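What follows is a short report on a single structure.
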Amino acid sequence: MLEKDHPWRPEENGDDGRVMVLTAERIPLDVHPVQSDRIGDGQVCLGAHFRDKLLARSAMEEEQAELILELLKVPAQVGLLAAEEDDGVQANLVALLPHGEVQHILRRMELEQEPWKASLEAAGYEETSDPERPVMVPLGLVVRIPQKRVSPGDLREEAEDMLRSIMTRGGQEVVDQLLDTI
1 MLEKDHPWRP EENGDDGRVM VLTAERIPLD VHPVQSDRIG DGQVCLGAHF
51 RDKLLARSAM EEEQAELILE LLKVPAQVGL LAAEEDDGVQ ANLVALLPHG
101 EVQHILRRME LEQEPWKASL EAAGYEETSD PERPVMVPLG LVVRIPQKRV
151 SPGDLREEAE DMLRSIMTRG GQEVVDQLLD TI
């Protein structure tokens, strides 16, 4: 059960009507390129998997994909930032990592490409922002069509159910959701 293996917790509502729910712990994600006929030239489609289940896919430029692949080599919290739209729910599935950890990974990547920048560290370069502040790494857009809502009128409960469902059963194509309602 999700609560036991990977507890999640709801976050406070934002002032903009969106709700964020998170896994309580960092979990290992398997993120890698997946086939898609729906992407443009020069783009990559990344699939985020947990326990061999596809959670979400996202198309992006190659450079962004390389960065996301590097960032998600470490376990991350998974979050769902949800908003109601046209009687359904539209949400961004994201991985959250501490800012300090992201900065460290970015710095390492930069030094691999431009080793001369290591002299900045010797000159006293310091990170000044809060190292624990979460950074959201996009995994994909997820929706719940109106016919599939389990808690109409309660966005928090709906978002919790969506995250629980995605983490335990994986994501489902919107077209498949629509076909299920026919």
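Going by this note's numbering, the sequence shown opens with residue 1, and the numbers climb by one from there. Note that beta-carbon positions come from the ideal geometry of N, C-alpha and C, so glycine has one too. The model shown is predicted, which means the values in this text are computed figures rather than measured ones.
query	result
Check PRO33 in the structure and name its three-state DSSP category.	strand
What residues match up with SER165 in a beta bridge as DSSP calls it?	DSSP output for SER165 lists no bridge partner at all.
Measure the C-alpha to C-alpha separation of ALA123 and LEU106 and round it to an integer number of angstroms.	Confidence at ALA123 is low in this model, with a pLDDT of 49, below 50, so the placement of that residue should be treated as unreliable; the coordinate-derived value is given next. Cα to Cα, the separation comes out at about 19 angstroms.
Ends of the beta strand (DSSP E) at VAL102?	From DSSP, VAL102 is part of no beta strand (DSSP E) but of the alpha helix (DSSP H) over 99-113.
Applying the criterion that 16 or more other CB atoms from any shown protein chain within 10 Å of the CB defines a buried residue, is VAL150 buried or exposed?	exposed
I'd like to know if the segment 133-148 and the segment 95-111 are in contact, where contact means that at least 3 CB-CB pairs between them fall below 8 angstroms.	yes
Quick one: using the 10 Å Cβ neighbour count with 16 as the cut-off for buried, is VAL175 buried or exposed?	With a pLDDT of only 49 at VAL175, under the threshold of 50, the placement of this residue in the model should not be trusted; the figure read from the coordinates follows. Exposed, since its Cβ has fewer than 16 Cβ neighbours within 10 Å.
Measure how close the beta-carbons of VAL78 and LEU93 come, nearest whole angstrom, since I'm counting them as under 8 angstroms.	7 angstroms
Taking just the CA atoms, how far does ARG144 sit from VAL19?	14 angstroms
I'd like the ranges of any alpha helix (DSSP H) spanning at least 4 consecutive residues and lying wholly in the segment 35-83.	62-71
Taking LEU29 as the reference, give the member of ARG108, GLY42 and ASP52 with the closest Cα.	ASP52
In angstroms, rounded to a whole number, what distance separates the CA positions of ASP87 and VAL44?	31 angstroms
What does the alpha-carbon distance come out to for the pair GLU3 and PRO146?	With a pLDDT of 37 at GLU3, under the threshold of 50, the predicted position of this residue should be treated as unreliable, and no value is reported.
Residues in the same chain with beta-carbon distance under 8 angstroms from GLU101, minus the five sequence neighbours each way, listed in chain order, please.	VAL74 and PRO131
Taking 7 angstroms as the limit between beta carbons, can you name the residues of its chain near LEU72, skipping five residues before and five after?	LEU29, VAL31, ALA95 and VAL137
Please name the residue, chosen from SER58, ILE27, HIS49 and ALA48, that lies closest to GLY40 on a Cα-to-Cα basis.	SER58
Just the Cα atoms here: how many angstroms apart are GLU63 and ARG133?	24 angstroms
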